[in-house]
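Participant: In my numbering, the protein residues as written are 9 to 259.
Glycine included, every Cβ here is placed at the ideal spot set by N, Cα and C.
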Ligand code: NDP
Ligand code: 8X3
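If you want it as structure tokens, here you go:
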């Protein structure tokens, strides 16, 4: 069965993708930093779907860790068909002038360099086989800027640019590249963004129905299962209550 490699699979979109693809018979490589969560997810996927699951915990910001982990994949797990570059985060939501430099570096290292490292070390096998699909999780923040979104928006604009650039360079090798741009979705995203402030995180999703992680996994699965000659290059998915980064209809 085809192999799907999911970064950031311990929570949110990545975890929902793992469930969706495992339920459909795919073999799954799970990556994130929190190994205990990955172990629990692996046990669940094996029990619920008899899925074949391989754990590859590493930090996407650590180039050496990424390279070693991917190079040491067992032979029967090296042939990755679909790479879902999903690991990412926002850190802080501050006016530019008040921004924390460590937060900025974390976003750029995770959202931008993480995709570069993981893709760089996996794409060679895809090129050899002249087949593969790279799905990058960007954001509506990769299309629009909003106040206090500065560096997060910049990092997601970089993801959207990279998806375009990868598509141009990899088309000659028959590799599909899809860019996914979700709007507001309730996951652990805001909890992480507000450095563990549960109250602030909860407020982001109050008064309207946000997207769920499963909504995003459905769309990613749809993109990944189109016929060989069809590539969905860009998918923007918003809650019905959201029209753009700044406009949300609240009850
Ligand atoms: P979550 O916080 O629920 O999940 C983020 C995942 O990324 C976790 O599994 C986390 O695992 C992983 N991750 C973070 N840093 C690293 C790292 N350095 N190395 C490996 N894994 C890492 O958030 P979402 O599911 O919402 O976010 C997934 C993606 O979707 C992100 O790229 C985010 O920017 C994007 N997005 C989210 C939206 C939303 O509203 N929720 C909207 C648009 C885009 P661990 O901590 O265990 O390493
Ligand atoms: C996450 C959605 O609106 O917080 O990418 O930027 S938003």
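Can you give me the Cβ contacts of residue 246 inside the same chain, cut-off strictly under 6 Å, excluding the 5 residues immediately before and after it?
Facilitator: Answer for residue 246: 191, listed in chain order.
Participant: What's the C-alpha gap between residue 61 and residue 117?
Facilitator: C-alpha separation (whole angstroms): 27 Å.
Participant: Can you confirm whether the stretch 220 to 235 touches the stretch 10 to 22 when touching is taken to mean that 3 or more C-beta pairs between the two stretches lie within less than 8 Å?
Facilitator: With the cut-off at 8 Å, the stretch 10 to 22 and the stretch 220 to 235 touch.
Participant: Using 8 Å as the cut-off, classify the Cβ of residue 87 as near or not near the heavy atoms of ligand 2, replying yes or no.
Facilitator: It does not: the Cβ of residue 87 is nowhere closer than 8 Å to a heavy atom of ligand 2.
Participant: Please state if the CB of residue 119 and the CB of residue 186 are separated by a distance shorter than 9 Å.
Facilitator: No. Outside cutoff.
Participant: Let me check understanding here. Comparing Cα to Cα, which of 241, 240, 66 and 259 lies closest to residue 248?
Facilitator: Of the candidates 241, 240, 66 and 259, the one whose C-alpha sits nearest the C-alpha of residue 248 is 259.
Participant: Quick one: what's residue 250 bridged to in DSSP?
Facilitator: According to DSSP, which records beta bridges pairwise, residue 250 is partnered with 256.
Participant: Rounded to whole angstroms, what's the CA-CA distance from residue 108 to residue 100? Just pull it up for me.
Facilitator: So the two alpha carbons sit approximately 8 Å from each other.
Participant: Which residues end up in the neighbourhood of ligand 2 when you take C-beta atoms closer than 5 Å to any of its heavy atoms?
Facilitator: Matched residues: 147 and 149.
Participant: Taking residue 160 as the reference, which of 104, 235, 82 and 213 has the closest Cα?
Facilitator: Nearest of 104, 235, 82 and 213 to residue 160, Cα basis: 104.
Participant: For the putative contact between residue 59 and residue 36, defined by C-beta atoms under 8 Å, what is the C-beta separation to the nearest angstrom?
Facilitator: Contact holds; Cβ gap of about 6 Å.
Participant: Could you check if residue 20 belongs to the surroundings of ligand 1, using beta carbon to heavy atom distance under 8 Å?
Facilitator: Yes.
Participant: Do residue 97 and residue 115 count as a contact pair if the criterion is CB distance below 9 Å?
Facilitator: Yes. Within cutoff.
Participant: Taking the beta strand (DSSP E) that residue 13 belongs to, which residues open and close that run?
Facilitator: Run containing residue 13: 11 to 14, per the beta strand (DSSP E) assignment.
Participant: If you compare alpha carbons, which of 106, 242, 74 and 40 is closest to residue 170?
Facilitator: Closest by alpha carbon: 242.
Participant: With a threshold of 16 other CB atoms inside 10 Å of the CB of residue 234, please say whether the residue is buried or exposed.
Facilitator: Answer is exposed; the Cβ neighbour count stays below 16.
Participant: Pick helix, strand or coil for residue 241, following the three-state DSSP scheme.
Facilitator: Three-state result, residue 241: coil.
Participant: Closer than 8 Å: is that where the CB of residue 67 sits relative to any heavy atom of ligand 1?
Facilitator: It does: the Cβ of residue 67 is within 8 Å (strictly closer) of some heavy atom of ligand 1.
Participant: Quick check on residue 193: does DSSP put it in helix, strand or coil?
Facilitator: Three-state DSSP puts residue 193 in a strand.
Participant: Please report how far the alpha carbon of residue 189 lies from the alpha carbon of residue 151, in whole angstroms.
Facilitator: Distance between the alpha carbons of residue 189 and residue 151: 8 Å.
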